[in-house]
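Have a look at the structure below before the remarks.
Residue numbers (our numbering): 4 to 502.
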């Protein structure tokens with residue numbers, strides 16, 4: 004009898020252990036079969052040239068994932084990064100997805116299926132439009148007075164720099180000064196005593212190399228030849244001459260400084276105003292830096308020395324320096340060149356729009372996007388004889404063809420005088436100009452209508468007699484600068500609305 008009871012006891016114990024084991028096994032199975040998507044995002048490193056910052060959902064809650072991107076971003080070929088729970092596979096339309104590698108079209112919602120064993124979980128990713136960027140006033144630099152400025156954004160730190168000529172009672176005191184707007188305040192770049200040693204001319208320029216080193220170019224009245232060009236660089240927060248004071252061997256104007264992509268040294272473009280060397284008056288002269296000295300009176304092969312040069316624009320993108328120049332006098336045109344591997348290539352030679360009789364001398368500008376596509380703005384009289392409407396043209400670097408961007412802008416540059424063209428890091432062209440009421444106004448290309456947006460007046464006050472400037476930081480933030488009636492510099496920012 005005792006033996007029977009003992010056997011029953013063992014049998015019941017075994018059944019209990021077995022039940023417990025099965026229960027634990029089932030619990031483990033339930034725990035394992037819980038596939039999840041843990042994080043999701045689009046990152047600049049995976050989408051170079053498409054987005055300029057990271058957009059992410061660091062902790063996914065629920066199965067509906069919504070990410071807001073600027074509306075101008077092309078969503079047809081985006082690469083996503085994601086993490087999922089262990090022992091899972093992630094597919095879209097049956098195709099296995101690799102985080103940071105697989106390309107998908109997010110123009111419409113995309114279903115991500117996370118699978119573990121026989122268990123699936125569906126996560127729907129929807130890309131929506133982010134809040135539109137808006138223009139807001141940052142500040143006015145009113146500590147000094149000027150009528151001549153240049154504003155450019157340092158491509159490394161994303162900070163706007165302004166080089167200006169100070170207005171003074173004595174012309175000898177009209178130096179070049181540089182300020183920047185950082186941490187919501189203005190400060191001098193280098194010394195508050197100025198960039199130049201003394202009086203400068205009306206034409207100034209700024210350039211930054213790939214590491215953000217800052218160069219300033221100006222017409223130097225203190226050089227041995229008055230109004231020869233000089234260039235200074237910022238080193239240890241102090242300005243020092245690059246090469247000799249007065250690098251050109253004669254008086255020049257319309258000075259522009261670019262960066263040689265081969266050695267990251269400055270290249271100076273200028274208009275010869277008095278013949279001291281081999282080039283005729285008003286010809287385009289180029290100065291290259293060779294170590295610590297300048298090589299002057301260089302020309303672009305194929306460009307006639309007799310062709311007069313005025314407005315200039317340059318930009319280095321990748322391993323190429325792009326240069327645009329307005330050819331003035333008589334029938335006025337523009338030319339575009341590319342400098343790569345120490346060789347000049349003519350992209351566009353003495354352009355005049357079909358049907359136009361001439362271009363307006365009042366202004367000209369150029370910008371280059373990250374793909375090497377060239378954008379040019381000049382005003383011609385093709386639309387209505389006698390009225391010069393600005394027209395933006397685009398050169399496609401891949402197809403090597405030109406096309407018009409939007410319609411001509413509906414104002415007469417001969418009346419308004421000033422404009423600036425800049426392309427955002429996402430490839431959207433913007434134009435800032437002084438409108439016919441002399442107010443600063445800006446437009447951009449609408450990604451849906453493929454035409455210019457309704458003009459936005461930045462400031463309902465008339466501008467002074469000074470150029471306007473527009474530029475972008477690498478993260479897509481835009482800056483506009485101009486001189487108001489009082490001679491102060493107004494600075495505006497294009498960014499997401501402040502919360």
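Using N, Cα and C, we set each Cβ at its ideal position, and we do this for glycine too.
A quick note: this is a predicted structure, and the numbers were derived from the prediction, not measured.
{"Asked": "Could you pull the DSSP bridge partners for residue 156 from this structure?", "Found": "163"}
{"Asked": "I believe residue 91 touches residue 64 by the beta-carbon criterion, under 8 Å. Please report the beta-carbon distance rounded to the nearest angstrom.", "Found": "18 Å between Cβ atoms; not a contact."}
{"Asked": "Can you list, in chain order, the residues of its chain with a C-beta nearer than 7 Å to that of residue 226? Leave out the 5 residues immediately preceding and following it.", "Found": "233, 248 and 249"}
{"Asked": "Would you list the residues sitting across from residue 107 in a DSSP beta bridge?", "Found": "81"}
{"Asked": "According to the neighbour-count rule (16 or more other Cβ atoms, all chains shown, within 10 Å of its Cβ), is residue 407 buried or exposed?", "Found": "exposed"}
{"Asked": "Determine, using beta carbons only, whether residue 290 and residue 297 come nearer to each other than 8 Å.", "Found": "yes"}
{"Asked": "Please list, in chain order, all residues of the same chain as residue 95 whose beta carbon is under 8 Å from its beta carbon, the five residues on each side excluded.", "Found": "105, 107, 113, 114, 115 and 116"}
{"Asked": "Got a sec? Which residues, its chain only, sit under 6 Å from residue 200 by beta carbon, not counting five neighbours each side?", "Found": "225"}
{"Asked": "For residue 220 and residue 450, what's the separation of their Cα atoms in angstroms?", "Found": "37 Å"}
{"Asked": "Less than 8 Å separating the beta-carbons of residue 461 and residue 425?", "Found": "no"}
{"Asked": "Taking the continuous alpha helix (DSSP H) assigned at residue 322, which residues delimit it?", "Found": "Per DSSP, residue 322 belongs to no alpha helix (DSSP H) and is neither H nor E."}
{"Asked": "Quick one: Cα of residue 56 to Cα of residue 260, how far?", "Found": "29 Å"}
{"Asked": "So, using beta-carbon positions, are residue 83 and residue 133 closer together than 8 Å?", "Found": "no"}
{"Asked": "DSSP puts residue 218 in a beta bridge; with which residues?", "Found": "210 and 236"}
{"Asked": "Checking 8 Å against the spacing of the C-beta atoms, do residue 400 and residue 384 come in under that value?", "Found": "no"}
{"Asked": "Buried or exposed: which applies to residue 311, given that a residue is buried once 16 or more other Cβ atoms fall within 10 Å of its Cβ?", "Found": "buried"}
{"Asked": "Would you grab the beta carbon distance between residue 409 and residue 448 for me? Rounded to a whole angstrom, and I think it's under 8 Å.", "Found": "6 Å"}
{"Asked": "Between residue 218 and residue 257, is the Cβ-Cβ spacing less than 8 Å?", "Found": "no"}
{"Asked": "Opposite residue 405 in the DSSP bridges: which residues?", "Found": "398"}
{"Asked": "Would you grab the beta carbon distance between residue 144 and residue 498 for me? Rounded to a whole angstrom, and I think it's under 8 Å.", "Found": "Rounded, the Cβ-Cβ distance is 19 Å, inconsistent with contact."}
{"Asked": "When burial is assigned at 16 or more other CB atoms within 10 Å of the CB, is residue 61 buried or exposed?", "Found": "exposed"}
{"Asked": "For the putative contact between residue 166 and residue 156, defined by C-beta atoms under 8 Å, what is the C-beta separation to the nearest angstrom?", "Found": "The Cβ separation is near 13 Å, so there is no contact."}
{"Asked": "Mind checking who residue 498 pairs with in its DSSP beta bridge?", "Found": "137"}
{"Asked": "Among all the DSSP beta bridges, which residues are the ones paired with residue 242?", "Found": "237"}
{"Asked": "So which of 325, 365 and 52 has the shortest CA-CA distance to residue 335?", "Found": "365"}
{"Asked": "Where do the ends of the alpha helix (DSSP H) carrying residue 417 lie?", "Found": "416-419"}
{"Asked": "Classify residue 32 as buried or exposed, calling it buried when 16 or more other Cβ atoms lie within 10 Å of its own Cβ.", "Found": "Unreliable positioning characterises residue 32 in this predicted model, as indicated by a pLDDT of 45, which lies under 50. The coordinate reading is nonetheless provided below. Exposed, because fewer than 16 other Cβ atoms sit within 10 Å of the Cβ of residue 32."}
{"Asked": "When you compare only the Cα positions, how much space is there between residue 478 and residue 161?", "Found": "8 Å"}
{"Asked": "Do you know whose CA, among 422, 349 and 352, lies nearest residue 380's CA?", "Found": "422"}
{"Asked": "Would you please state the rounded distance, in angstroms, between the beta carbons of residue 455 and residue 412? I believe it to be under 8 Å.", "Found": "7 Å"}
{"Asked": "Looking only at DSSP bridge pairs, what is residue 181 linked to?", "Found": "166"}
{"Asked": "Provide the residue span of the beta strand (DSSP E) that contains residue 69, from first to last.", "Found": "67-72"}
{"Asked": "What is the residue span of the beta strand (DSSP E) that residue 92 lies within?", "Found": "92-95"}
{"Asked": "For residue 350, which option in 363, 169, 361 and 323 has the closest C-alpha, if you only look at C-alpha atoms?", "Found": "323"}
{"Asked": "Could you please give the first and the last residue of the uninterrupted beta strand (DSSP E) stretch that includes residue 171?", "Found": "No beta strand (DSSP E) contains residue 171, which DSSP labels as neither H nor E."}
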